[in-house]
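According to my numbering, the sequence shown is numbered sequentially starting from 1276. A short write-up of the structure that comes next.
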Amino acid sequence: MEKFETKHFGEISYDPTRVIDFPEGIPGFPDSKRYLLMSEDENEDTFFWLQSIDEGDVAFTLMDVYKVLPDYDPQVEQDELAELGELDDTPLLIYNIVVIPDYIRHMRVNLRAPIVMNLNTGRGKQLICANDDYSIRFMIFEELERAKKKIAAEKQNAGSDA
């Protein structure tokens, strides 16, 4: 295990084999090329952190958008995916960067440029979707409110059918 000092998480220990290499960096952060994907429970969590081990003050909040938008279907160029290494039978992780402002209800997610990672090769990249119907400022709380209303309506309709 190696150790590293971060701004947000203090000192962390990590297994060097779990480092994900972003050869081009992430746009706006060209000097941060090596990251750790961190969460409390990878199978249950909706939010994750992508912590740079090149720069301790660089970390991104990521979201598993599929847990809120199960039909999310970013279309990307095959040659860009090829940069992640061998893809045959390789499950890719797809997360989206979250911006969390002071007023939490204005939290937004970039659906247009997902972070895609191939854990088998240890490579990642932020890609731009070819389908332009996804927003770079998707207001996640608005979507959650719509989902709550839909569930409440379904429950009410189920109750009135009985």
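The beta-carbon is built from N, C-alpha and C at its ideal position, and this holds for glycine as well.
Over what stretch of residues does the beta strand (DSSP E) that includes GLU1277 continue unbroken? 1277-1281
Nearest by alpha-carbon distance to LYS1308: which of ILE1411, ALA1433, ARG1412, GLN1401 is it? The shortest Cα separation from LYS1308 among ILE1411, ALA1433, ARG1412, GLN1401 belongs to GLN1401.
Cα separation between ASP1408 and VAL1351? 13 Å
Is it right to say SER1327 is buried, meaning 16 or more other beta carbons lie within 10 angstroms of its own, or is it exposed? buried
Under the three-state DSSP convention, the category THR1292 falls into: helix
Please classify ILE1372: is it buried, with 16 or more other beta-carbons within 10 angstroms of its beta-carbon, or exposed? Counting every other CB atom within 10 Å of its CB across the protein chains shown gives ILE1372 a total of 16 or more, marking it as buried.
Could you name the residues that DSSP lists as bridge partners for VAL1373? THR1336, VAL1384
Residue span of the beta strand (DSSP E) that contains GLN1401, given as start and end: 1398-1401
What is the residue span of the alpha helix (DSSP H) that GLN1353 lies within? GLN1353 -> alpha helix (DSSP H) spans 1353-1357.
Hey, is the stretch 1283-1293 in contact with the stretch 1379-1389, meaning 3+ C-beta pairs nearer than 8 Å? no
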